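Student:
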Amino acid sequence: MTTISVAAFIARHLADTGHRHVFLVTGGGAMFLNDALCHHPGIAPVFFHHEQAAAMAAEAYARIADRPPVLNVTTGPGGINALNGVFGAWTDSVPMIVISGQVKRATCLATTPVPGLRQLGDQEGEIVRMVAGISKYAALVERPEDIAWHLDQALHLATSGRPGPVWLDIPIDVQSASVDPAGLRRFLPAPDAAGEISVADMEGVVERLRSARRPVIVAGSGVRAGRATAGFESVIRRLEIPVTTAWTHDLIASDDALFCGRPGTIGTRAGNFTVQNADLLLILGSRLNVRQVSYNWPAFAPRAFKIQVDIDPAELSKPTVRPDLPICADLGRFLATLATHLASWRPSESHQACLAWCKQRLLDYPNVRPEQRAPAGERINPYHFIETLFNRLGDDDIVACGNASATIVPFQVAAIRRGMRMFSNSGSASMGYDLPAAIGAYYGALNARGRQRRVVCLAGDGSIMMNVQELQTVAHYRLPLKIFVLDNRGYLSIRSSQGNFFGRLAGAGPESGVELPDFVAVAGAFGIPASRLDAADFAARLPAILDAPGPCLCQVMLDERQQFEPRTSSRQLDDGRIVSAPLEDMYPFLDRDELARNLWPPDDADPAA
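Residue numbers (my numbering): -2 to 606.
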């Protein structure tokens, strides 16, 4: 009998199943795990300076690689610090594997029958109870001989069905215990029953598509989460109907013949006109969250028959947008089955007319207006900057976006090329996501393709402060990240909301209590080359910045007067209620006659092109 420690078994099993990186902050409660994971020849450790950043990096890694990395944290504050990143993986359906250290079993609350006891072990925290609501599987491994069963189950659940985070908590005396790998009991998953689509449902989908005059596809992040990109590509090419994207805009190139915009509360006019005029929506892997459909969800695509395909039955039963035909299925299987039913498909004349009409909206309502490109002082209009930046990126680049300006503006105006990746965390949308996400994306690309890809980080000046310490991680590993800090003097979203609703500010910028540093000086303190970009010459300087070897940081001086446009608007009534306009009626408001020309008449007659 050959025995090894539980920690060594974990490291070996993870390496054998293709997990090539471990992200961690070391700690005494996880010391055997730290040693085993960091010294296994098949696993490369990446050390961070805060567990929140390590968790966010792990989430981003899983978006780019074909499997998640391992996140290793210690007991108590180590695990608690990671919860924000785990929550982001939970909301956005991203697989994550967290293995934490815990105190000895003899001083562990879970094994101590004393009601109300808050803590027994040193730095102990009952992390399994804390994380249970934001994970697919969370377990304290109390017996060394159960480690394989728990690990098998966790790895299976992280990537099966609707993906998400899993968490194993390992007491330190279990980490060090010896086990015989050959004698361990294993977890055998039940046969996968998800994805069985009835013939009646599939025939109903095809018939609805065929009879619709204005069918539109809304594609969400479930297409990638379900590893269904190939099936998605096959189906949209056969259907030849308008395609819109929901928070996963890198699914289709901006110049694709089928692309018709990005609907949402802060989307594009063309995308919202496309969706709001549809008489059928085929919703693929989008959970239709409130950012997508607005708080005025009864007015979302009001005349459309809604077919929603999602692997999670709960998403099909929400009290907001109710699909007319909910299909709970694995999206990859659904698309493969649909493709076989479309073998003889030919788009009708009305489908072609609808596609042409929607494409014309893209021309009529460009994402960047001429006045946004016009010089207006030393600071750069954010829409002009993002447009210029993306025009200089290549089809192999990865763009990790933070939140607010660093996500909203690129998600509205970025020119996506085929093969390019652009992502953010939608469900949590936490400040501090940007820099760790870029680090994770860099290593994810190494795992997925075995080579570097250029990674651009778009970070808000307020957001990057939440994880600014990870500039040292970038410097230490000499990661060739191109970090653009969008300086709009604080929290633009908060400043806008406070100004609109209250007419006064609190904690939104230097004038109201939040002052931010000179980021060029900050980067210099970490040994990272840095510069400042303003309106005078930023466009001419971008190519050299993007092509330079090694890391660099650019503080982009943005015009903070530019609000997010277009966007849906809300107003507060006298009784305190907040009401939102429908998606097609975005601010800045169009002339009422112009708006009417962009809405399909109730009698289905073609509006004026």
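Ideal Cβ positions, reconstructed from N, Cα and C, are used throughout, including at glycine. For clarity, every value in this text was computed on a predicted model and none was experimentally measured.
At the level of alpha carbons, what is the spacing between Asp534 and Pro379?
Tutor: Rounded to whole angstroms, Asp534 to Pro379 spans 15 angstroms at the Cα level.
Student: For Ser175, count the other beta carbons within 10 Å of its own beta carbon; 16 or more makes it buried, fewer makes it exposed. Which is it?
Tutor: The residue in question, Ser175, is exposed, as its Cβ has fewer than 16 Cβ neighbours within 10 Å.
Student: Use the C-beta contact count for Pro188: other C-beta atoms within 10 angstroms, 16 or more gives buried, fewer gives exposed.
Tutor: Result: exposed.
Student: What does the alpha-carbon distance come out to for the pair Ala605 and Met583?
Tutor: For Ala605, the pLDDT reaches just 46, beneath the cut-off of 50, and the residue's location in the model is therefore unreliable, although a value from the coordinates is still provided. In a straight line, the C-alpha of Ala605 is about 20 angstroms away from that of Met583.
Student: Under the three-state reduction of DSSP, which class applies to Ala606: helix, strand or coil?
Tutor: Note that Ala606 scores a pLDDT of 46, beneath 50, so its modelled location is shaky and nothing firm can be said.
Student: Can you list, in chain order, the residues of its chain whose CB lies under 7 angstroms from that of Ala333, leaving out five sequence neighbours each side?
Tutor: These residues qualify, in order along the chain: Gly228.
Student: With a floor of 3 residues, list each beta strand (DSSP E) that falls wholly inside the stretch 2 to 43, ordered by position along the chain.
Tutor: Segments of the beta strand (DSSP E) lying fully in the stretch 2 to 43: 18 to 21.
Student: Do the CB positions of Val553 and Leu539 come within less than 7 angstroms of each other?
Tutor: Contact flag unset, no.
Student: Looking at the unbroken beta strand (DSSP E) that takes in Tyr134, where does it start and where does it end?
Tutor: That run of the beta strand (DSSP E) goes 134 to 137.
Student: Quick check on Ala4: buried or exposed, where buried means 16 or more other Cβ atoms within 10 Å of its Cβ?
Tutor: Looking at its Cβ environment, which holds 16 or more other Cβ atoms inside 10 Å, Ala4 is buried.
Student: Let me know the secondary structure DSSP gives Thr0 once reduced to three states.
Tutor: Of the three classes helix, strand and coil, the one that applies to Thr0 here is coil, per DSSP.
Student: Along the beta strand (DSSP E) that carries Phe302, what are the first and last residues, could you check?
Tutor: 302 to 307 is the span of the beta strand (DSSP E), which, as asked, contains Phe302.
Student: Ala275 and Leu248: beta carbons closer than 7 angstroms?
Tutor: Against a cut-off of 7 angstroms, the Cβ pair of Leu248 and Ala275 comes out as no contact.
Student: Alpha carbon to alpha carbon, how far is His363 from Leu328?
Tutor: Correcting the residue identity first, residue 363 is Pro in this sequence and not His. So the alpha carbons of these two residues sit roughly 32 angstroms apart.
Student: Am I right that Ile7 and Leu30 are in contact with their C-beta atoms under 8 angstroms? What's the rounded C-beta distance?
Tutor: Yes, Ile7 and Leu30 are in contact; Cβ-Cβ is about 7 angstroms, under 8 angstroms.
Student: When you compare each of Leu455, Arg414, Pro65, Val410 to Asp429 by their alpha carbons, which one comes out closest?
Tutor: It should be noted that the sequence gives Gly, not Asp, for residue 429. The shortest Cα separation from Gly429 among Leu455, Arg414, Pro65, Val410 belongs to Leu455.
Student: Hey, could you find the ends of the beta strand (DSSP E) Thr470 is sitting in?
Tutor: No beta strand (DSSP E) contains Thr470, which is instead part of the alpha helix (DSSP H) from 468 to 474.
Student: Which word fits Gly76, buried or exposed, when buried means at least 16 other C-beta atoms lie within 10 angstroms of its C-beta?
Tutor: Buried: at least 16 other Cβ atoms inside 10 Å.
Student: For the stretch 340 to 350 against the stretch 518 to 527, do three or more pairs of beta-carbon atoms, one drawn from each stretch, fall closer than 8 angstroms, so that the two count as touching?
Tutor: Segments in contact, no.
Student: Got a sec, what are the start and stop residues for the alpha helix (DSSP H) Ile124 sits in?
Tutor: Its alpha helix (DSSP H) spans residues 124 to 128.
Student: Do Asn78 and Gln49 have their C-beta atoms closer together than 7 angstroms?
Tutor: Yes. Within cutoff.
Student: Assuming Thr241 and Ser218 make a contact with CB atoms under 8 angstroms, what is their CB distance in whole Å?
Tutor: No, Thr241 and Ser218 are not in contact; Cβ-Cβ is about 14 angstroms, not under 8 angstroms.
Student: Taking contact to mean at least 3 C-beta pairs separated by less than 8 angstroms, is the stretch 481 to 489 in contact with the stretch 541 to 556?
Tutor: Yes, since at least three Cβ pairs between the stretch 481 to 489 and the stretch 541 to 556 fall closer than 8 angstroms, the two stretches touch.
Student: Would you mind reading off the limits of the beta strand (DSSP E) that contains Asn78?
Tutor: Taken as a continuous stretch (DSSP letters only), Asn78 belongs to no beta strand (DSSP E), being part of the alpha helix (DSSP H) at 74 to 88.
Student: Unbroken alpha helix (DSSP H) runs of length 4 or more, entirely within the stretch 308 to 368: which are they?
Tutor: Taking only runs of at least 4 residues, the alpha helix (DSSP H) segments lying wholly in the stretch 308 to 368 are 328 to 338, 346 to 361.
Student: Tyr439 by DSSP, collapsed to three states: which one?
Tutor: Note: Tyr439 maps to helix in three-state DSSP.
Student: For Arg446, count neighbouring Cβ atoms within 10 angstroms of its own Cβ and tell me buried if that reaches 16, exposed if not.
Tutor: When all chains shown are included, Arg446 counts as exposed.
Student: Thinking Val306 and Gly282 are a contact (beta carbons under 8 angstroms), I'd like their distance in whole angstroms, please.
Tutor: Correct: roughly 7 angstroms between the Cβ atoms.
Student: When you compare only the Cα positions, how much space is there between Val290 and Met28?
Tutor: Val290 and Met28: Cα-Cα distance of roughly 47 angstroms.
Student: In the DSSP output, what is Phe256 paired with across the bridge?
Tutor: Partner(s): Val240.
Student: Under a three-way DSSP split, which group does Met554 fall into?
Tutor: Of the three classes helix, strand and coil, the one that applies to Met554 here is strand, per DSSP.
Student: Return the first residue and the last residue of the alpha helix (DSSP H) that Arg60 is part of.
Tutor: Its alpha helix (DSSP H) spans residues 48 to 61.
Student: Around the C-beta of Ser421, are 16 or more other C-beta atoms found within 10 angstroms, so that it is buried, or is it exposed?
Tutor: It is buried - the Cβ of Ser421 has at least 16 other Cβ atoms within 10 Å.
Student: Using DSSP bridges, identify the partner residues of Asp484.
Tutor: According to DSSP, Asp484 bridges with Met554.
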